[in-house]
Amino acid sequence: MRRVYFPSSATQIREAALTVGPGALFYSITMGPGGGPIGYASTTVDTNPSGLLVRDLMRLDLQVMGRVQRTELTSEIHLTRDLRLTRFVASLDAPGGAFRAAGTVRGDTALDLAIDAGAGEPERTRLRLDHPILMTTMLPLQLAVGRQLTVGRSYALRMFDPILMEERDVTVRVLAESTLVVSDSARRDTVAHRWVPVLPDTLRAWKVREEYAGVATDSWIDRQGRVVRATSPLGFTMQREPFEVAVENWRRDEERRLAAGGAAAGGGDLVTATAVAAGAPLAPGSLARLAVVIRDVGLAGFALAGGRQTLAGDTLTVRREAGVGDVPGTPPPLYQARLPIRDTALARDLAPEPLIQSDDPRIQAQARQIAGRERRAGPVAGLLERWVHDHLKKEVTVGVPSAVQVLADRRGDCNEHTVLYVALARALGLPARAAAGLVYLDGRFYYHAWPEVWLGTWVAVDPTFGEFPADAAHLRFVTGGLARQVALLRLIGRVRVSIVGAAGGGGS
Numbered sequence: 014m015r016r017v018y019f020p021s022s023a024t025q026i027r028e029a030a031l032t033v034g035p036g037a038l039f040y041s042i043t044m045g046p047g048g049g050p051i052g053y054a055s056t057t058v059d060t061n062p063s064g065l066l067v068r069d070l071m072r073l074d075l076q077v078m079g080r081v082q083r084t085e086l087t088s089e090i091h092l093t094r095d096l097r098l099t100r101f102v103a104s105l106d107a108p109g110g111a112f113r114a115a116g117t118v119r120g121d122t123a124l125d126l127a128i129d130a131g132a133g134e135p136e137r138t139r140l141r142l143d144h145p146i147l148m149t150t151m152l153p154l155q156l157a158v159g160r161q162l163t164v165g166r167s168y169a170l171r172m173f174d175p176i177l178m179e180e181r182d183v184t185v186r187v188l189a190e191s192t193l194v195v196s197d198s199a200r201r202d203t204v205a206h207r208w209v210p211v212l213p214d215t216l217r218a219w220k221v222r223e224e225y226a227g228v229a230t231d232s233w234i235d236r237q238g239r240v241v242r243a244t245s246p247l248g249f250t251m252q253r254e255p256f257e258v259a260v261e262n263w264r265r266d267e268e269r270r271l272a273a274g275g276a277a278a279g280g281g282d283l284v285t286a287t288a289v290a291a292g293a294p295l296a297p298g299s300l301a302r303l304a305v306v307i308r309d310v311g312l313a314g315f316a317l318a319g320g321r322q323t324l325a326g327d328t329l330t331v332r333r334e335a336g337v338g339d340v341p342g343t344p345p346p347l348y349q350a351r352l353p354i355r356d357t358a359l360a361r362d363l364a365p366e367p368l369i370q371s372d373d374p375r376i377q378a379q380a381r382q383i384a385g386r387e388r389r390a391g392p393v394a395g396l397l398e399r400w401v402h403d404h405l406k407k408e409v410t411v412g413v414p415s416a417v418q419v420l421a422d423r424r425g426d427c428n429e430h431t432v433l434y435v436a437l438a439r440a441l442g443l444p445a446r447a448a449a450g451l452v453y454l455d456g457r458f459y460y461h462a463w464p465e466v467w468l469g470t471w472v473a474v475d476p477t478f479g480e481f482p483a484d485a486a487h488l489r490f491v492t493g494g495l496a497r498q499v500a501l502l503r504l505i506g507r508v509r510v511s512i513v514g515a516a517g518g519g520g521s
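In structure tokens:
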């Protein structure tokens with residue numbers, strides 16, 4: 014008689030992870046079909062008796078409104094041999110500012126976080142855990158080592174993003190299995206003065222689709238959990254290459270670009286490439302009503318209905334709020350209410366957040382100075398809009414905006430204006446939140462963010478363009494922070510917007 018005992022999944026993963034060896038891989042990054050390289054990435058794995066250390070680096074030169082902006086993302090992840098997270102450090106450095114998050118897992122029940130968003134001393138907080146944390150960058154390794162690369166299989170996972178500082182529900186599907194050709198070495202082309210790949214090799218790989226909020230990212234990964242090729246909704250493609258091709262060629266291109274006076278990066282302008290044709294001219298700024306038909310994208314999950322917006326089928330109608338600012342009509346119910354507004358249902362829209370430091374003394378002092386002796390909610394909302402609009406230099410940036418850092422730098426694009434406005438409003442007890450979607454400008458709809466304040470109904474404000482209330486050419490798709498705005502990626506390259514009606518002035 015023989016008895017067979019089946020090991021636990023953790024034991025199987027621990028044994029399989031022993032096959033993961035040290036090494037480094039490099040990737041070239043391009044944008045758009047036929048686009049030149051705009052950066053590179055690398056993944057390095059080190060092993061030790063207690064576990065694995067995984068370092069990821071991504072360096073990009075993004076062309077935004079005619080300017081090339083260097084953006085660098087790094088992460089350092091410490092794992093046990095059964096791939097359980099013990100600690101991590103993630104950072105983003107960009108012209109818009111630097112952001113750094115460090116986390117340490119305490120037992121199985123808590124994650125200690127230290128967040129440095131340019132506000133001086135790092136903000137420290139503790140998150141309660143009811144399950145092990147899975148980092149987004151560790152998904153390929155987890156699938157491969159866990160022997161989950163079977164075509165047709167689907168998995169529902171909760172993954173933690175250290176830059177967005179949120180967990181998100183992700184669906185992962187294994188779509189296909191194939192053999193891919195890669196090069197593991199390079200030689201110098203003395204005519205073109207560039208490195209070219211040689212010695213092609215074949216390897217077995219699986220196509221994996223990761224979906225979050227309707228946004229899909231496709232990757233090909235090998236049996237050891239290493240990415241071979243990946244594409245994102247923004248049009249970025251990451252391809253495994255020899256070090257010389259991925260890194261040295263990019264550095265050489267950068268030298269040539271700088272010698273030419275900072276010419277554009279290879280991928281084209283990010284803002285222009287993602288704009289949506291409007292199909293009809295408008296006169297924004299005082300637009301009171303706008304009706305559009307939204308096609309070619311599923312509308313489920315978007316915050317299209319409510320407040321100033323009405324959705325009927327695929328037709329969205331936006332009406333500028335009456336009785337706000339200089340718009341005639343009956344004001345919202347709480348326009349004359351005295352601050353602070355206390356409502357437990359709005360607790361989330363009154364509380365500080367890691368990047369919206371409404372409890373910071375600098376934010377609170379500035380908010381009180383702006384409001385002066387005014388205590389009525391509506392007029393205070395208008396004073397905040399005017400101050401943010403007048404005191405921030407309009408400059409397109411790439412980064413993770415922090416309200417305290419924006420207050421110190423006094424510059425930024427719509428995201429910086431929105432974060433600072435929301436923090437100032439909450440500091441005075443005025444409920445506020447971020448909204449994002451599309452805004453009309455010069456014949457196209459562009460991706461944009463703006464604040465909303467609670468005056469008995471949510472009222473849109475745009476300190477970037479100096480509008481209180483914001484005109485009807487603002488099409489809200491989502492509300493909330495950066496993690497919510499990720500949902501807008503599913504619109505890029507797909508959505509069509511057709512204008513079917515518009516009215517100016519103060520009418521509706």
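Residue 315 in this note's numbering sits at position 302 of the sequence shown; the count goes up by one each step and never skips.
Each residue gets a CB set at the ideal place from its N, CA and C atoms; glycine is no exception.
(request) Determine the contact status of residue 155 and residue 147, defining contact as a CB-CB distance below 8 Å. (result) Yes, they are a contact pair.
(request) Give me whichever residues DSSP pairs with residue 348 in a beta bridge. (result) Partner residues in a beta bridge of residue 348, as assigned by DSSP, do not exist.
(request) Could you work out which residue in 490, 448 and 423 is closest to residue 7 when comparing CA atoms only? (result) Since the first and last residues shown for the chain are 14 and 521, residue 7 lies out of range.
(request) Report buried or exposed for residue 484, applying the criterion of at least 16 other Cβ atoms within 10 angstroms of its Cβ. (result) Label assigned to residue 484: buried.
(message) As a quick exercise: from 77, 241, 258 and 213, pick the residue whose alpha carbon is nearest that of residue 287.
(response) Taking only the C-alpha atoms, the option nearest residue 287 is 77.
(message) Considering only their Cβ atoms, is the gap separating residue 382 from residue 416 smaller than 8 Å?
(response) Going by C-beta atoms, residue 416 is not nearer than 8 Å to residue 382.
(request) Measure from the C-beta of residue 151 to each C-beta in chain E and report whether the shortest distance is under 8 Å. (result) Protein chains in the displayed structure number just one, and chain E is not present.
(request) May I have the straight-line CA-CA distance separating residue 157 from residue 218, to the nearest angstrom? (result) A direct Cα-to-Cα measurement between residue 157 and residue 218 gives close to 10 Å.
(message) Distance check for residue 395 and residue 523, CA to CA, integer angstroms please.
(response) An answer regarding residue 523 cannot be provided, because it is not within the stretch 14 to 521 covered by the chain.
(request) Please go through the region 159–183 and give each complete alpha helix (DSSP H) segment of 4 or more residues, from N-terminal end onward. (result) Correct list: empty.
(message) Let me check understanding here. Comparing Cα to Cα, which of 200, 426, 317 and 334 lies closest to residue 327?
(response) Out of 200, 426, 317 and 334, 317 has the C-alpha closest to the C-alpha of residue 327.
(request) Count the other C-beta atoms from every protein chain shown that fall within 10 angstroms of the C-beta of residue 444, then say buried if there are 16 or more, exposed otherwise. (result) Classification for residue 444: buried.
(message) In whole angstroms, give me the CA-to-CA distance for residue 37 and residue 107.
(response) Rounded to the nearest angstrom, the two C-alpha atoms are 25 Å apart.
(message) Judging by CA-CA distance, which residue of 482, 237 and 413 is the nearest neighbour of residue 129?
(response) Nearest C-alpha to residue 129: 413.
(request) Reducing DSSP to helix, strand and coil, say where residue 256 ends up. (result) Looking at residue 256 - three-state DSSP - the assignment turns out to be helix.
(message) For a quick check, are the C-beta atoms of residue 481 and residue 337 less than 8 Å apart?
(response) Cβ atoms of residue 481 and residue 337: closer than 8 Å.
(message) Counting C-beta neighbours from all protein chains within 10 Å, is the total for residue 123 16 or more, i.e. buried, or is it exposed?
(response) Counting Cβ neighbours within 10 Å, residue 123 comes out exposed, since fewer than 16 surround it.
(request) Go through its chain and collect everything with a Cβ distance to residue 422's Cβ below 6 Å, but skip five positions before and after it. (result) Hits under 6 Å: none found.
(request) Compare the Cα-Cα distances from residue 329 to each of 489, 179 and 407 and report the closest residue. (result) Comparing Cα positions, the closest option is 489.
(request) With distances taken Cα to Cα, identify the nearest neighbour of residue 291 among 486, 397 and 325. (result) Out of 486, 397 and 325, 486 has the C-alpha closest to the C-alpha of residue 291.
(message) Is it the case that the region 180–192 contacts the region 93–105, given that we only count it when at least three CB pairs across the two stretches are under 8 Å?
(response) No, the region 93–105 is not in contact with the region 180–192.
(request) May I ask which residues mark the beginning and end of the alpha helix (DSSP H) holding residue 532? (result) Because the chain spans 14 through 521 in this model, residue 532 falls outside it and cannot be assessed.
(request) Flag this pair as yes or no: are the beta carbons of residue 433 and residue 441 separated by less than 8 Å? (result) No, these two residues do not count as a Cβ contact at 8 Å.
(request) Say whether the region 202–211 touches the region 164–175, bearing in mind that this needs 3 or more beta-carbon pairs closer than 8 Å, one atom from each stretch. (result) Verdict: no, contact absent.
(message) In whole angstroms, give me the CA-to-CA distance for residue 520 and residue 348.
(response) Low local confidence applies: a pLDDT of 41 at residue 520 is under 50, so the model's placement there is unreliable, and no value is given.
(request) Counting only the same chain and skipping the five closest in sequence on each side, list residues whose C-beta sits under 6 Å from that of residue 409. (result) So the qualifying residues of the chain are 77, 78 and 426.
(message) Quick check: what's the CA-CA separation for residue 252 versus residue 242?
(response) Each residue's alpha carbon lies about 5 Å from the other.
(message) Taking the straight line between their C-alpha atoms, what separation do you get for residue 192 and residue 110?
(response) Between residue 192 and residue 110, the C-alpha separation is close to 42 Å.
(request) Starting from the C-beta of residue 346, find all residues in its chain whose C-beta is less than 8 Å away, skip the five residues before and the five after it, and write them out in chain order. (result) So the list reads 468, 469 and 470, once near-sequence residues are dropped.
(message) If I follow the unbroken beta strand (DSSP E) through residue 59, where does it start and stop?
(response) In the DSSP assignment, residue 59 falls within the beta strand (DSSP E) that extends over 50–61.
(message) Going by DSSP, what residue range makes up the beta strand (DSSP E) through residue 77?
(response) It spans 64–77 - the beta strand (DSSP E) in which residue 77 sits, taken as one unbroken run.
(request) Go to residue 398, then tell me how far its alpha helix (DSSP H) extends in each direction, as first and last residue. (result) That run of the alpha helix (DSSP H) goes 390–404.
(request) Would you give the residue range spanned by the beta strand (DSSP E) that residue 365 belongs to? (result) Careful: residue 365 lies outside any beta strand (DSSP E) and carries neither H nor E.
(request) Compare the beta carbon distance of residue 515 and residue 295 with 8 Å and say whether it is the shorter of the two. (result) Yes. Within cutoff.
(message) Using 8 Å as the threshold, is the C-beta distance between residue 464 and residue 391 below it?
(response) Not in contact: residue 464 and residue 391 (Cβ atoms no closer than 8 Å).
(message) Quick check on DSSP: helix, strand or coil for residue 505?
(response) Reduced to three states, the DSSP call for residue 505 is coil.
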